[in-house]
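**Student:**
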Amino acid sequence: MSISTRSFNLQHPQAAKDVVASHDTLVSLFERIQGFLERLKIYIDIPLTPQFTEVLGKVMAQVLLILAISTKTMTQRRIKKYLKRLVGRTDVEDAMNRLDMLTQEETRMAAIKEIAHDVDGNLKAIKKVTHDVDRNVKVINEVVRDVGNDTKAIKEATHSVSDDVKMIKKETEQLRSTEKLRAWLSPPNPSINHNVARDTREWFHVVDSRKPGSGKSILWYAALQLSKFWVFTFSTSSTIIEDIEGLQASGKALMAYYYFDFKDMAKRDVRGLLSSLLIQLCDYSEDCWSVLSRLYALHRDGSNQPNEATLAHCLRDMLELPGQLKVYLIMDALDECPNTTGFPSPREKVLGLVEGLVKQQHPNLYVCVTSRPEQDIRAVLEP
């Protein structure tokens, strides 16, 4: 500090204080103006709202007003006088207070601007997220729709599998029950004779082709028509059986065949014939199976055996079922059924059964009988 300044401070202590205060006021003034100008450089580079622009205009006007007031009496080499005059001036103090208020408002507007900027950024982010969510929702909806379709297909497949399982269970139960019925009636197996008859048929064809018109009785045949029914007698039935098997396999007909065999005691009477015919019809018809199952239940679930008349009645019940398919009954080598023992003889019982079936005139029944032309057989089968 110079001697003159020190002397001034000693002689005028209050004035010295005023000078110091004016100096501080001036520093504060220019610091505020500098702060505003630095902020203004930032504001220039960003878009401003009309309200914010208006506030900045007011601040700028106030800064200029303060500069005008502060520099009104300031001239070269009159700084002390200037400082003295600056202290205690209410217009400067009011202007600075006004600047402070405007600066606070500016700060609030800047904060609002920053918040608005953040909000705008957040809104953009939210829009992007919303767009992504919408896209994901569409994808999810497509997935859900596909899952729904798959679920529907799975349900349909499940129902189909369930139906198949039920059908398999039903068929399994029916098969087991048929085996019980088979064990109950113990029918002879005609397929053994059928396989032999195939080879025999070929031999007959060879003999017939080599010796045409030889008149062998085994090739004798006849046909008898009674009303709507035909009873055939022929030398071999294996060809007929094979032809009708195709109809049965396609579900258009039912067939049961039987081979009489004098060498097999089980294949020489009417009981063996009926038991075999009934079981074969049950193998291909659920309705026929139901008829025989009821008979099985009536005989204490197979504890008792049915007689021949009961078996014949069961066959008639099967033939009279509503909507019954065509039924072909084929009996081969009837002449091998004995006609010498018993009264009536086994052959007479079989002929009585055949004659009774024809007389009942079942609309869908076809009977084929092959045999040598024995007198008693011809008496029943021929007109």
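Heads up: the sequence shown begins at 1 in full-length UniProt numbering, then just goes up one per residue. Beta carbons: idealized from backbone N, C-alpha and C, even for Gly.
To the nearest angstrom, how far is the alpha carbon of G323 from that of F260?
**Tutor:** Using only the alpha carbons, I get a separation of about 31 Å.
**Student:** Span of the alpha helix (DSSP H) holding K326?
**Tutor:** Unbroken run through K326 is the beta strand (DSSP E), K326 to D332; no alpha helix (DSSP H).
**Student:** On the three-state DSSP scale, how would you describe L281?
**Tutor:** Reduced to three states, the DSSP call for L281 is helix.
**Student:** According to DSSP, is L353 part of a helix, a strand, or is it coil?
**Tutor:** DSSP places L353 in helix when its eight states are reduced to three.
**Student:** Secondary structure at C368, three-state DSSP: helix, strand or coil?
**Tutor:** Three-state DSSP puts C368 in a strand.
**Student:** DSSP three-state label for L321, please.
**Tutor:** In this structure, L321 counts as coil in the three-state DSSP scheme.
**Student:** Quick one: Cα of Q361 to Cα of H194, how far?
**Tutor:** Distance between the alpha carbons of Q361 and H194 is about 28 Å.
**Student:** Return helix, strand or coil for P363, following the three-state DSSP convention.
**Tutor:** Coil, per DSSP.
**Student:** What's the gap between the Cα of D146 and the Cα of A249?
**Tutor:** So the two alpha carbons sit approximately 42 Å from each other.
**Student:** Just mark A125 as buried or exposed, buried being the case when its beta carbon has 16 or more other beta carbons within 10 Å.
**Tutor:** So A125 ends up on the exposed side.
**Student:** List in chain order: all unbroken alpha helix (DSSP H) runs of 4+ residues lying wholly within the region 243-294.
**Tutor:** Runs of the alpha helix (DSSP H) inside the region 243-294: 270-284.
**Student:** Kindly indicate which residue of I279, K349 and Y284 has the alpha-carbon position closest to the one of E308.
**Tutor:** Considering only alpha carbons, the answer is K349.
**Student:** Tell me the residue span of the alpha helix (DSSP H) that contains D301.
**Tutor:** D301 -> no alpha helix (DSSP H), and no H or E assigned at all.
**Student:** Buried or exposed, going by whether 16 or more other CB atoms sit within 10 Å of the CB of A256?
**Tutor:** It counts as buried.
**Student:** For Q375 and K170, what's the separation of their Cα atoms in angstroms?
**Tutor:** Roughly 49 Å separates the two Cα atoms.
**Student:** Grab me the residues of P190's own chain with a C-beta within less than 7 Å of its C-beta, minus the 5 sequence neighbours each way, in chain order.
**Tutor:** Excluding residues within five positions, the ones whose Cβ falls inside 7 Å are Y257, Y258, Y259 and S276.
**Student:** Does the region 284-297 touch the region 331-340, meaning 3 or more C-beta pairs lie closer than 8 Å?
**Tutor:** With the cut-off at 8 Å, the region 331-340 and the region 284-297 do not touch.
**Student:** From A153, D269, E286 and L181, pick the residue whose C-alpha is nearest to that of M167; which is it?
**Tutor:** Ranking A153, D269, E286 and L181 by Cα distance to M167 puts E286 first.
**Student:** Based on Cα-Cα distance, which residue from R176, P373 and G35 lies nearest to Q104?
**Tutor:** Considering only alpha carbons, the answer is G35.
**Student:** Under the three-state reduction of DSSP, which class applies to T340: helix, strand or coil?
**Tutor:** Coil, per DSSP.
**Student:** Tell me the residue span of the alpha helix (DSSP H) that contains Q375.
**Tutor:** Q375 to L381 is the span of the alpha helix (DSSP H), which, as asked, contains Q375.
**Student:** Going by beta-carbon coordinates alone, are V270 and L353 separated by less than 8 Å?
**Tutor:** Contact flag set, yes.
**Student:** Short check: CB of K267 to CB of P188, under 8 Å?
**Tutor:** Cβ distance < 8 Å, so K267 and P188 count as in contact.
**Student:** Return yes when the Cβ of W184 is within less than 8 Å of the Cβ of residue 468, no when it is not.
**Tutor:** Any answer about residue 468 is impossible in this case: the structure gives the chain only from 1 up to 383.
**Student:** Please state whether DSSP places N149 in a helix, a strand or coil.
**Tutor:** Helix, per DSSP.
**Student:** Straight-line CA distance for S162 to D283?
**Tutor:** Near 24 Å, if we compare the C-alpha coordinates of D283 and S162.
**Student:** Alpha carbon to alpha carbon, what distance is there between D150 and P50?
**Tutor:** So the alpha carbons of these two residues sit roughly 59 Å apart.
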